[in-house]
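The sequence shown begins at 52 in the numbering used here and counts up one residue at a time. Just so you know, even glycine gets a beta-carbon here, dropped at the ideal spot from N, CA and C.
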Amino acid sequence: MAWGKKQRSSNKGGLMRVLAVMVVVVVLLSGLGCVSGENVKGKRNAYATMMYVGTPRDYEFYVAIRVLLKSLATLDAQADRVVIASLDVPPRWIRALVVGLGLRVMFKSV
Numbered sequence: 052m053a054w055g056k057k058q059r060s061s062n063k064g065g066l067m068r069v070l071a072v073m074v075v076v077v078v079l080l081s082g083l084g085c086v087s088g089e090n091v092k093g094k095r096n097a098y099a100t101m102m103y104v105g106t107p108r109d110y111e112f113y114v115a116i117r118v119l120l121k122s123l124a125t126l127d128a129q130a131d132r133v134v135i136a137s138l139d140v141p142p143r144w145i146r147a148l149v150v151g152l153g154l155r156v157m158f159k160s161v
């Protein structure tokens, strides 16, 4: 391979991520499939993150999500905290987010 030229590779992963984000937006707007730790009226704004498994660092990603969203709660952010989770996320992780942190968790298959 010559200097300055990059080898072209398939960008199927990038396309799948764009499609996943589009699906997430539709699901967020429809409000379907939501599990909540609290039964309160939603706020105007929300902090949302996606959670999926299938990588070597799944647990580290899970811990990072917990730290991020717990920090937002500690700072008393006036916004909902939402996790958009794939269906293969372990149920005990979901329980910890809903019960332990009072987050809203939405499920979506990708």
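CB contact flag (residue i, residue j, <9 Å)
i: ALA99; j: ARG132; result: yes
i: ARG95; j: ALA130; result: yes
i: TRP144; j: MET102; result: yes
Three-way DSSP call (helix, strand, coil) for residue i in this model
i: TYR103; result: coil
i: ARG108; result: coil
i: GLY153; result: coil
i: PRO142; result: helix
i: LEU123; result: helix
Residues bridged to residue i (per DSSP)
i: PHE158; result: ALA136
i: ASP131; result: ALA97
Classification of residue i by the beta-carbon crowding that lies within 10 angstroms, buried from 16 upward
i: ALA136; result: buried
i: VAL156; result: buried
i: LEU126; result: exposed
i: LEU119; result: exposed
i: VAL150; result: exposed
Nearest-angstrom Cβ-Cβ length linking residue i and residue j, presumed shorter than 8 Å
i: ASP139; j: VAL104; result: 5 Å
i: ALA124; j: LEU152; result: 7 Å
Distance cut-off 8 Å: residue i Cβ against heavy atoms of the ligand MG
i: LEU123; result: Among the components of this structure there are no ligands whatsoever, and the ligand MG is therefore not found.
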